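Visitor: Residue numbering for the sequence shown follows the working numbering, beginning at 609 and increasing consecutively.
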Amino acid sequence: MSSRTTNIIGGVGRSLITMGCLTLAFAAFQLWGTGFAEDRAQSSLQSEFEAQRAAFAAFADSTTLPPATTQPEAPADTAPTTTVPGDRPIASTTVPPTTVPPVPAESVPEELLPRVGDALGVIRIPKINVDKVVVAGTRRDDLRKGPGHYVNTPLPGQSGNAAIAGHRTTYGAPFGDLDLLVPGDQIIVETFQGTFNYEVLPVETTQGVSGHSIVTPFDVQVLDDYGDNRLTLTACHPKYSARQRIVVQARLVNPPAATIELAGLDDIIEDELTQAQLAYEATGVDPVTGERTDEFDPTIADPNGESDVTDPQGGSAQDEGNVVGTTSEALDESLGWHMEELTPFLLWSILTALAAAVAYVVARRWKKWPSYGLATPVVLTLLFFSFTHLDRMLPAF
609 MSSRTTNIIG
619 GVGRSLITMG
629 CLTLAFAAFQ
639 LWGTGFAEDR
649 AQSSLQSEFE
659 AQRAAFAAFA
669 DSTTLPPATT
679 QPEAPADTAP
689 TTTVPGDRPI
699 ASTTVPPTTV
709 PPVPAESVPE
719 ELLPRVGDAL
729 GVIRIPKINV
739 DKVVVAGTRR
749 DDLRKGPGHY
759 VNTPLPGQSG
769 NAAIAGHRTT
779 YGAPFGDLDL
789 LVPGDQIIVE
799 TFQGTFNYEV
809 LPVETTQGVS
819 GHSIVTPFDV
829 QVLDDYGDNR
839 LTLTACHPKY
849 SARQRIVVQA
859 RLVNPPAATI
869 ELAGLDDIIE
879 DELTQAQLAY
889 EATGVDPVTG
899 ERTDEFDPTI
909 ADPNGESDVT
919 DPQGGSAQDE
929 GNVVGTTSEA
939 LDESLGWHME
949 ELTPFLLWSI
959 LTALAAAVAY
969 VVARRWKKWP
979 SYGLATPVVL
989 TLLFFSFTHL
999 DRMLPAF
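Spelled out as structure tokens, the structure:
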């Protein structure tokens, strides 16, 4: 074997070893490095939530706002299950309406209301050891801080279907074990309006009764208003994949709190509608069904729209004016590919490679270990930024 062939084989081998090490390093960054970032964000959010809750409590004490109650209402006699066509099980229940109707609280000053990215409350799931501060919003940056509240749904503890998304494998994996929940398990959500108890609803699947369902990213009906008061948790499924969604739904056993919206919600909804319109114009794909259509219908995407649809079980039509988050972007914006991160990822990767190459050349011509010792912090810092943009580009898990 010639020396040239030996050099080529050696170069290929070193390249493969380097790529393998980088792959393992990136996997470690996603599983543990992102968790450190989430932990720091959670500490900051906890302090923010405590301050927000104290300010809201002081305001409530000085006004006639109805206090949020924590006494559970009488449980329903039955909580039947149902399925939708296509073997995509969705939990349903006939919980009777509460005897304490929610009272709108328009008098709350805007500066006391949380905005997207702010701390919204704390979610605790004793069964799977979850104790996390919830962020208002489900953008990628929001979910890196912790579980995120879908802004087009009611706030947790209020009337309707409040929805929260979270990661299963990265950034602390707050919803990593949603599949372990069973009907009746407790979910506790604490907001600036009080503490609210939920019980996981049963779901009828082909394998029997479960505490969760598996849907596609386009099954946005899990965010619909079912006519009762419930909490919907969503996350990617299976683990390490964004191909499907795991959904857990739970009913509120407290009377609901006063209806209070996020600050700037109208601007947020308008922005989402604009994004849905642009997505349709670019692809011709319906933002709700994922199928090609002749025309984009904003009344379907708009939670304040006025269209009616027929119940999939053959029942009476339901008013879509009360349905929230009815675009696929509501479930998928933070979970898909973000190719705008490709350019910064490539730039940081090139800088990392150049720094490593310079360190190699200097080590050959000067002193080996001092050169590597000086270069290591620089290369690792550049590699961290490269990994950060790669993580942002890939589907979130």
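Ideal Cβ positions, reconstructed from N, Cα and C, are used throughout, including at glycine. Predicted model, so just to flag it, every value in this text is computed and none were measured.
Using the DSSP secondary-structure output, state which residues sit across from lysine 740 in a beta bridge.
Guide: For lysine 740, which the question treats as bridged, DSSP gives the partners Ile731.
Visitor: Return helix, strand or coil for histidine 997, following the three-state DSSP convention.
Guide: In the structure shown, histidine 997 sits in a helix (DSSP, three-state: H, G or I).
Visitor: Quick one: is glycine 628 buried, meaning 16 or more other Cβ sit within 10 Å of its Cβ, or exposed?
Guide: When all chains shown are included, glycine 628 counts as exposed.
Visitor: Name, in chain order, the residues that DSSP records as bridge partners for tyrosine 806.
Guide: For tyrosine 806, which the question treats as bridged, DSSP gives the partners Ile795 and Leu860.
Visitor: Can you confirm whether the region 633-652 touches the region 765-785 when touching is taken to mean that 3 or more C-beta pairs between the two stretches lie within less than 8 angstroms?
Guide: Touching, yes.
Visitor: Where does threonine 706 sit, in a helix, a strand or coil, going by DSSP?
Guide: Since pLDDT at threonine 706 reaches only 40, below the 50 mark, its modelled position is unreliable, and the value read off the structure follows with that caveat. Reduced to three states, the DSSP call for threonine 706 is coil.
Visitor: Is it buried or exposed for leucine 982, if we count other Cβ within 10 angstroms and need 16 for buried?
Guide: By the 10 Å Cβ count, leucine 982 comes out exposed.
Visitor: For glycine 624, count neighbouring Cβ atoms within 10 angstroms of its own Cβ and tell me buried if that reaches 16, exposed if not.
Guide: Sequence check: residue 624 is leucine here, not glycine. Exposed, by the Cβ-count rule.
Visitor: Please classify tryptophan 977 as buried or exposed, where buried requires at least 16 other C-beta atoms within 10 Å of its C-beta.
Guide: Tryptophan 977 should be labelled exposed.
Visitor: Please report the distance separating the alpha-carbon of serine 651 from that of glutamate 658.
Guide: Each residue's alpha carbon lies about 11 angstroms from the other.
Visitor: Considering only the alpha carbon of each residue, which of Ala971, Thr984 and Trp956 lies closest to aspartate 999?
Guide: Of the candidates Ala971, Thr984 and Trp956, the one whose C-alpha sits nearest the C-alpha of aspartate 999 is Trp956.
Visitor: Let me check understanding here. Comparing Cα to Cα, which of Ile822, Ala850 and Phe634 lies closest to histidine 775?
Guide: Of the candidates Ile822, Ala850 and Phe634, the one whose C-alpha sits nearest the C-alpha of histidine 775 is Ala850.
Visitor: Only counting the same chain, and skipping five residues up and downstream in sequence, which positions put a Cβ closer than 8 angstroms to that of proline 764?
Guide: These residues qualify, in order along the chain: Leu728, Gly729, Ile731, Val742, His757, Ala770, Ile772, Val797, Thr799, Phe804 and Leu839.
Visitor: So is glycine 621 buried or exposed if we call it buried at 16+ other beta carbons inside 10 Å?
Guide: With fewer than 16 Cβ atoms within 10 Å of its Cβ, glycine 621 is classed as exposed.
Visitor: Which residue comes first and which comes last in the alpha helix (DSSP H) that contains glycine 643?
Guide: It spans 642-669 - the alpha helix (DSSP H) in which glycine 643 sits, taken as one unbroken run.
Visitor: Would you report the Cα separation of valine 808 and phenylalanine 995, rounded to the nearest angstrom?
Guide: Going by the C-alpha atoms only, they are around 37 angstroms apart.
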